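Notes follow once the structure below has been shown.
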Amino acid sequence: MRAMLSRLRHMLVKEFIQVLRDKRTRFLLLGPPVIQMVVFGYAATLEIKHVPMAVLDYDQSQASRELVSRFEGSRYFDVRYRLTDRRQVADLIDRGEVTMAVEIDAGFARLLGKGETAHAQVIVDASNSNTALVGLGYLNEVAGSYAREYQLASLSRTAPLAAGGLPTIVLDKRPWYNTDMSSQWFFVPGVIGNLMLVIVMTLTAVSVVREREIGTLEQIMVTPIRRSEFILGKTIPFFLIGGLDATLISAVGTFWFKVPLRGSVWVLALGTVLFLLGALGIGLFISTVSATQQQAMVTSFFFIMPAIIFSGFGSPISSMPTFLQYLTLLNPMRYFQTVLRSVYLKGVGIDVLWPQMAGMAAIGIFMLSVSVLRFHKSLE
Amino acid sequence: MKEGESPIAVRGLTKSFPGVRAVDGLTFSVERGEIFGLVGPDGAGKTTTMRMLAGVLTPEAGEVRVAGCDLVKDPEGAKQRVSYMPQRFGLYEELTVDENIRFYARLFQVKGKACEERAARLLAGAGMSEFRGRLAGKLSGGMKQKLGLVCALIHTPEVILLDEPTNGVDPVSRREFWAILYSLLGEGVSILTTTSYLDEAERCHRIALLHEGRLLFCDTPAALKANFAGQVLSIVTGDPRPVASLLEGRPGVGSVMVVGDGLHVVVDDPARVAQLKNELAAAGVTASIEAVAPTVEDLFVEAVRRGKG
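Residue numbers (the numbering used here), protein chains in the order written: chain A, 1 to 380; chain B, 1001 to 1309.
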């Protein structure tokens, strides 16, 4: 037992010297994660503002100009072009100069004046379906509110009494956890998860195979070290570095982006620890089965991409086909994303998050055990 | 280890890789205080043999006993008493000389004063005492190899396995390397080394020639030379290559090898000298021919030729 601990301790000393001796490596472990956290925190957003648009007003009436000025007044749209010819629209959309074009037919004001339905056509670049959908929604809202006001104004002229009592339904919105519905609040905790995954996976994926490449693995094999001691010696340093990175980037999320940390720091820490176990386990597994560092890097890349996509980071898991939803149960990122967002925004505790914690613990223990068993003190 | 048991005893050792039988029924043993050389061309199975003896490769068939331990049953059993130095010793380049030594020492539970004394003595023997604080990555090739040896010896092993330890090492470092090996023999160790330098093979107590996974012969260099069937002729001539092709395949002529500015030719009978002189004269070549004692290289080349024939 004492021999085991002593061997493990010297494995760790060696690993830390290797990692921390070089100034550049030291920076690489802490600098990029923090920088990326700041940059991604700003960039990862679903909000749609300042959609460039063109207006083609064939009517040139007071009513049509009023509608266009409503678009201009909205922070969602930038009216960049006022066109006179329909053929210009296709060119602007092709070149990506505008995302939407609104065409108001001649006779718009006349039809409205007669109390009939007036038409305006919207052409939208739907190659980004999300922007198109949200943009159309905003456009509809602006046009709808203008239509309601127009109705009220004309009603108050023709039947002043009826105008006051027009029946309507109003939905009072009560967004819980994120009152302003800031998508930054949604994404920043998610980005923490993504960064952790990338850091830990890339570090551990090359760890064992690197020793294989430089020939130290063959040397280690002829010493009395046990394989569990070796694997632990490889795991613990990256576990600690991962924990340090997690603390730093969570601090950026909390103090820089002001995402409220409503739950317990300790619940968040427990979730992070359990997630790290899984990520380390998978990284080590890749490292023990790879023949070269390059192979390990490519393999971990092929893991990281789906792990993020099937985690609910961007698109919700509930929108995926049922089969894929079951598959996400094997993805530690899926649980970690839930833990991050729930602890940050909802402030819930273990009583709610225990299934996620259990899932991550199971994956972590399983993958670490598989790595130890898969690693043989043999060159075959 | 039982009294009288050889520290390394191999019997019928066999190992195949897909498509090749790398080691084929190898049998030999190495005694205490002996340096045993495994000699052979690339691909002869030397490294595979070493790896099986080191317990990092599982034999397919045969018995391997190292330091009294049956490696087929218990590949981990002998590790504390065995040292293995692969062709490229795995040093951590980011660690200093001292840190590398300490790391390997601790994995073997060597510590404290014992470790310090052993490290100091080995480093002094390697002429590296003043480089203890240098990063291993900043050492020259010969120094790296010597540091590898120091790390491999730090736990005072009984059996030392060296796989081409002096490959690519300068002559001065090679001499120091061998001096360290000889000094270890006083501790009663057994050393098994592979080498492709035939002058090094001469320094071994016994050598074994390995060819295509099989042992061609095994004895002391002196006995091998004494029992050599045939006579080596040294032929000195201006341009040896055309002469070599002239002599190859002639009756009574065995292997023909270009050595420096002359040839070593193996013939079945010393009396062939006159015949060769006539043949060369007929071809218009002036050359001096002299009977010489065989070198290990001659044994080696002739044995490989006969093995093929």
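The beta-carbon is built from N, C-alpha and C at its ideal position, and this holds for glycine as well. Fair warning: this is a prediction, and the values are worked out from it, not measured in the lab.
For the alpha helix (DSSP H) that Thr-1295(B) lies in, which residues bound it at each end?
Numbered from 1 along the second sequence, position 295 holds the residue referred to as residue 1295(B). Element bounds for Thr-1295(B): n/a, residue is neither H nor E.
Kindly indicate which three-state DSSP category His-10(A) falls into: helix, strand or coil?
Translated into the one-based positions of the first sequence, residue 10(A) becomes position 10. His-10(A): helix per DSSP, three-state reduction.
Using the DSSP secondary-structure output, state which residues sit across from Ala-1287(B) in a beta bridge.
For this step, residue 1287(B) is matched to residue 287 along the second sequence. Beta-bridge analysis with DSSP links Ala-1287(B) to Thr-1237(B).
Could you list the residues in the stretch 1035-1051 of chain B with a C-beta less than 8 Å from some C-beta on chain A, going in chain order?
Those would be Arg-1051, in chain order.
Compute the Euclidean distance between the alpha carbons of Ile-1008(B) and Thr-1096(B), then round it to the nearest angstrom.
As a position in the second sequence, residue 1008(B) is number 8, starting the count at 1. As a position in the second sequence, residue 1096(B) is number 96, starting the count at 1. Those two C-alpha atoms are separated by around 33 Å.
Checking contacts by CB at 8 Å: is Leu-1053(B) closer than that to chain A?
Along the second sequence, read from residue 1 onward, the residue named residue 1053(B) stands at position 53. No, its Cβ sits nowhere closer than 8 Å to a Cβ of chain A.
Helix, strand or coil: which one does DSSP assign to Arg-95(A)?
Within the first sequence, residue 95(A) is the residue found at index 95, counting from 1. DSSP places Arg-95(A) in coil when its eight states are reduced to three.
What in chain A is Cβ-close to Glu-1099(B), meaning under 8 Å?
Taking the first residue of the second sequence as 1, we reach residue 1099(B) at position 99. Residues of chain A passing the Cβ test: Lys-14, Ile-17.
Name the two residues that bound the continuous beta strand (DSSP E) containing Asp-1024(B).
Along the second sequence, one-based indexing puts residue 1024(B) at 24. Residues 1020-1030.
Inter-residue CB distance, Met-1085(B) and Leu-1162(B) (contact presumed, cutoff 8 Å):
As a first step, residue 1085(B) must be located in the second sequence, where it is residue number 85. As a first step, residue 1162(B) must be located in the second sequence, where it is residue number 162. Right, their Cβ atoms sit about 5 Å apart.
I'd like to know if the stretch 1171-1189 of chain B and the stretch 1013-1023 of chain B are in contact, where contact means that at least 3 CB-CB pairs between them fall below 8 Å.
no
Taking 6 Å as the limit between beta carbons, can you name the residues of its chain near Val-289(A), skipping five residues before and five after?
For the purposes of this step, residue 289(A) is taken as the residue at position 289 of the first sequence. For Val-289(A), where only same-chain residues beyond five positions count, there are no Cβ hits under 6 Å.
Return the CA-CA distance between Lys-1073(B) and Phe-1108(B), expressed in angstroms with no decimal places.
Position 73 of the second sequence holds residue 1073(B). Position 108 of the second sequence holds residue 1108(B). Cα to Cα, Lys-1073(B) sits roughly 22 Å from Phe-1108(B).
Cβ of Pro-1086(B) within 8 Å of any chain A Cβ
Taking the second sequence and counting its residues from 1, the one referred to as residue 1086(B) is at position 86. Output row for Pro-1086(B): interface = yes.
DSSP bridge partner residues for Asp-351(A) (one or two, in chain order)
Taking the first residue of the first sequence as position 1, residue 351(A) is located at position 351. The partner list for Asp-351(A) (beta bridge, DSSP) is empty, contrary to what the question assumes.
Please decide whether Glu-380(A) counts as near chain B, where near means a Cβ-Cβ distance under 8 Å.
Translated into the one-based positions of the first sequence, residue 380(A) becomes position 380. Yes, contact with chain B.
Reduced DSSP secondary structure (H/G/I, E/B, other) of Thr-292(A)
Position 292 of the first sequence, counting from 1, holds the residue named residue 292(A). Correct three-state label for Thr-292(A): coil.
Are any of the Cβ atoms in chain A nearer than 8 Å to that of Arg-1011(B)?
Taking the second sequence and counting its residues from 1, one reaches residue 1011(B) at position 11. With 8 Å as the cut-off, Arg-1011(B) does not count as an interface residue toward chain A.
7 Å CB neighbourhood of Val-1023(B) in its chain, flanking five on each side removed
The sequence position of residue 1023(B) within the second sequence is 23, counting from 1. Once the five neighbours on either side are set aside, the close Cβ partners of Val-1023(B) are Leu-1013, Thr-1014, Lys-1015, Gly-1045, Thr-1048, Thr-1049, Gly-1213.
Please list the residues of the stretch 1180-1213 of chain B that have a C-beta atom closer than 9 Å to any C-beta atom in chain A, keeping them in chain order.
Of all residues in the stretch 1180-1213 of chain B, none places a beta-carbon less than 9 Å from a beta-carbon of chain A.
Given that a residue counts as buried once 16 or more other Cβ atoms are within 10 Å of its Cβ, and exposed if not, what is Pro-321(A)?
Mapped onto the first sequence, residue 321(A) falls at position 321. Looking at its Cβ environment, which holds fewer than 16 other Cβ atoms inside 10 Å, Pro-321(A) is exposed.
Hey, could you find the ends of the beta strand (DSSP E) Phe-77(A) is sitting in?
The sequence position of residue 77(A) within the first sequence is 77, counting from 1. Start and end: 77-83.
Residue range of the beta strand (DSSP E) that includes Cys-1218(B)
Working through the second sequence from its first residue, we reach residue 1218(B) at position 218. Its beta strand (DSSP E) spans residues 1214-1219.
What separation, rounded to the nearest whole angstrom, lies between the Cα atoms of Val-34(A) and Leu-1185(B)?
Taking the first residue of the first sequence as 1, we reach residue 34(A) at position 34. Taking the first residue of the second sequence as 1, we reach residue 1185(B) at position 185. C-alpha separation (whole angstroms): 57 Å.
Taking the Cβ atom as the reference point for each residue, do Leu-244(A) and Val-343(A) lie within a distance shorter than 8 Å?
Taking the first sequence and counting its residues from 1, one reaches residue 244(A) at position 244. Taking the first sequence and counting its residues from 1, one reaches residue 343(A) at position 343. The answer is no: Cβ separation not under 8 Å.
N-terminal and C-terminal residue of the beta strand (DSSP E) that Ser-1016(B) is part of:
In the second sequence, the residue the question calls residue 1016(B) occupies position 16. Counting along the chain, the beta strand (DSSP E) containing Ser-1016(B) begins and ends at 1008-1017.
Using the Cα positions of Gly-359(A) and Thr-45(A), report the straight-line distance between them to the nearest angstrom.
For this step, residue 359(A) is matched to residue 359 along the first sequence. For this step, residue 45(A) is matched to residue 45 along the first sequence. Taking the straight line from one Cα to the other gives about 28 Å.
The stretch 193-226 of chain A: which residues have C-beta closer than 9 Å to a C-beta of chain B, in chain order?
Glu-211, Ile-214, Gly-215, Thr-216, Leu-217, Glu-218, Gln-219, Ile-220, Met-221, Val-222, Thr-223, Pro-224, Ile-225, Arg-226
Am I right that Gly-1055(B) and Val-370(A) are in contact with their C-beta atoms under 8 Å? What's the rounded C-beta distance?
In the second sequence, residue 1055(B) corresponds to position 55, counting from 1. In the first sequence, residue 370(A) corresponds to position 370, counting from 1. That belief does not hold up - the Cβ atoms of Gly-1055(B) and Val-370(A) are roughly 24 Å apart, past 8 Å.
Please confirm whether Val-209(A) and Ser-287(A) have their CB atoms less than 8 Å apart.
Counted from its first residue, the first sequence places residue 209(A) at position 209. Counted from its first residue, the first sequence places residue 287(A) at position 287. Yes, Cβ-Cβ distance for Val-209(A) and Ser-287(A) is below 8 Å.
With a threshold of 8 Å between beta-carbons, can Ser-6(A) be considered close to chain B, or not?
If you number the first sequence from 1, residue 6(A) lands on position 6. So yes, Ser-6(A) belongs to the interface.
So Thr-1237(B) and Val-1285(B) are supposed to be a Cβ contact under 8 Å. How far apart are they, rounded?
Against the second sequence, residue 1237(B) aligns to sequence position 237. Against the second sequence, residue 1285(B) aligns to sequence position 285. Correct: roughly 6 Å between the Cβ atoms.
When the Cα of Val-51(A) is compared with those of Ala-63(A), Tyr-76(A), Lys-23(A), which residue comes out closest?
Residue mapping note: residue 51(A) aligns to position 51 of the first sequence, counting from 1. Ranking the options by Cα distance to Val-51(A), first place goes to Tyr-76(A).
Tell me the DSSP bridge mates of Tyr-326(A)?
Counting from 1 along the first sequence, the entry for residue 326(A) is found at position 326. According to DSSP, which records beta bridges pairwise, Tyr-326(A) is partnered with nothing at all.
What is the rounded straight-line gap between the Cα of Ala-1208(B) and the Cα of Gly-1254(B)?
Your numbering for residue 1208(B) matches position 208 in the second sequence. Your numbering for residue 1254(B) matches position 254 in the second sequence. Going by the C-alpha atoms only, they are around 21 Å apart.
Using a Cβ-Cβ cut-off of 8 Å (strictly less than) and excluding sequence neighbours within five positions of Ala-1293(B), which residues of its own chain qualify?
On the second sequence, residue 1293(B) is found 293 positions in, with the first residue counted as 1. Same-chain partners within the cutoff: Lys-1225, Val-1232.
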